[in-house]
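Just below is one structure, and these are the notes that go with it.
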Amino acid sequence: AQTIHQWPVAEIKAVGSPLSLGCTIKGKSSPNLYWYWQATGGTLQQLFYSITVGQVESVVQLNLSASRPKDDQFILSTEKLLLSHSGFYLCAWSLAAKTEVFFGKGTRLTVV
Amino acid sequence: QEKVQQSPESLIVPEGAMVSLNCSFSDSASQSIWWYQQHPGKGPKALISIFSNGNKKEGRLTVYLNRASLHVSLHIKDSQPSDSAVYLCAVNGNEKITFGAGTKLTIKP
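The listed protein sequences correspond, in order, to chains Z and F. All letters in the first sequence, in the order written, are residues 259 to 370 by our numbering. All letters in the second sequence, in the order written, are residues 39 to 147 by our numbering.
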């Protein structure tokens with residue numbers, strides 16, 4: 259069975275500090291990977307997607323970057339956090355385009 | 039850029055009622071349309087999808103798609119308190135997936 263693990267579960271970080279969020283997918287080879295962000299009470303917004311190792315496409319510019327160093331790993335990061343980065347970050351995967359997307363449990367980020 | 043609008047924003051119905059949720063999208067190109075359920079503090083979970091015009095039934099759920107009018111609806115029969123959640127409409131076009139803002143559904147026992 260496929261599993262998706264996100265870390266950390268929650269973070270409280272200072273404005274201007276760096277951030278790294280991670281996601282690992284087990285049990286599925288070469289999945290499409292996605293990062294989503296959801297402000298409190300807001301709409302789920304796609305940030306990045308990746309269809310293969312080393313290739314990441316940006317969908318929305320939020321002063322964040324993403325990398326896929328391994329087939330089963332997706333990393334979201336920034337060198338300098340803004341207050342506007344607060345929210346709920348979700349990693350997700352799918353077998354292919356237009357198919358069901360499976361979400362992780364998310365990371366709650368609070369920037370103070 | 040794809041736009042997805044959902045209505046109503048929130049809905050409160052008694053247990054056992056039929057629930058109807060609406061979603062409009064902006065691009066008639068061939069994409070799959072998905073409905074997701076999201077509980078507070080959790081990731082969304084897919085419920086049902088549709089690709090072709092017409093309807094599709096799975097258990098208590100029925101989805102209707104009309105590409106000409108750029109509209110899709112989800113109907114939940116015999117609603118239960120456990121159906122209370124936010125329902126998200128998603129337009130899945132290749133690797134870009136656009137979600138609507140959601141409808142918050144509350145089923146009163």
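Backbone N, C-alpha and C fix where the C-beta goes; we use that ideal spot for every residue, glycine too.
By how many angstroms is the C-alpha of residue j removed from the C-alpha of residue i?
| i | j | result |
| --- | --- | --- |
| L15 of chain F | L103 of chain F | With chain F represented from 39 up to 147, any question about residue 15 of chain F goes unanswered, as that position is not in the structure. |
| V19 of chain F | W72 of chain F | Because chain F here runs from 39 to 147, residue 19 of chain F falls outside it and cannot be looked at. |
| L353 of chain Z | F332 of chain Z | 15 Å |
| K363 of chain Z | L341 of chain Z | 22 Å |
| I114 of chain F | A259 of chain Z | 29 Å |
| V42 of chain F | K286 of chain Z | 30 Å |
| S64 of chain F | T141 of chain F | 18 Å |
| C281 of chain Z | L112 of chain F | 31 Å |
| V180 of chain F | S288 of chain Z | Only positions 39 to 147 of chain F appear in this structure, which leaves residue 180 of chain F out of reach. |
| C127 of chain F | V370 of chain Z | 32 Å |
| G345 of chain Z | A139 of chain F | 15 Å |
| R326 of chain Z | S62 of chain F | 34 Å |
| A324 of chain Z | K83 of chain F | 23 Å |
In or out: residue i buried (at least 16 other Cβ within 10 Å) or exposed?
| i | result |
| --- | --- |
| N321 of chain Z | exposed |
| S335 of chain Z | exposed |
| K146 of chain F | exposed |
| V318 of chain Z | exposed |
| A268 of chain Z | exposed |
| I270 of chain Z | exposed |
| H263 of chain Z | exposed |
Which residue marks the beginning of the beta strand (DSSP E) containing residue i, and which one marks its end?
| i | result |
| --- | --- |
| Q75 of chain F | 70-76 |
| K134 of chain F | 134-137 |
| R366 of chain Z | 365-369 |
| N104 of chain F | 99-104 |
| A382 of chain Z | Residue 382 of chain Z falls outside the range modelled here, since chain Z spans only 259 to 370, and no answer is possible. |
| G280 of chain Z | 277-284 |
| K95 of chain F | 92-96 |
| Q44 of chain F | 42-45 |
| L80 of chain F | Correcting the residue identity first, residue 80 of chain F is Lys in this sequence and not Leu. Here K80 of chain F belongs to no beta strand (DSSP E), and DSSP marks it neither H nor E. |
Report yes if the C-beta distance between residue i and residue j is below 8 Å; otherwise report no.
| i | j | result |
| --- | --- | --- |
| L108 of chain F | S66 of chain F | yes |
| Q303 of chain Z | Y292 of chain Z | no |
| K338 of chain Z | G299 of chain Z | no |
| Q75 of chain F | A123 of chain F | yes |
| N132 of chain F | K284 of chain Z | no |
| L348 of chain Z | Y294 of chain Z | yes |
Applying a beta-carbon distance threshold of less than 7 Å, which residues of chain C neighbour residue i?
| i | result |
| --- | --- |
| I309 of chain Z | Looking at the structure shown, chain C is missing, and the protein chains on hand are Z and F. |
Runs of 3 residues minimum, wholly inside the region 299-360 of chain Z: which ones carry the beta strand (DSSP E) assignment? Those beta strand (DSSP E) runs which fall completely within the region 299-360 of chain Z and span 3+ residues are 303-310, 313-316, 323-328, 331-336, 345-352.
Runs of beta strand (DSSP E) lying entirely within the region 107-134 of chain F, each at least 3 residues, in chain order: With a minimum length of 3 residues, the continuous beta strand (DSSP E) runs that stay inside the region 107-134 of chain F are 109-114, 123-131.
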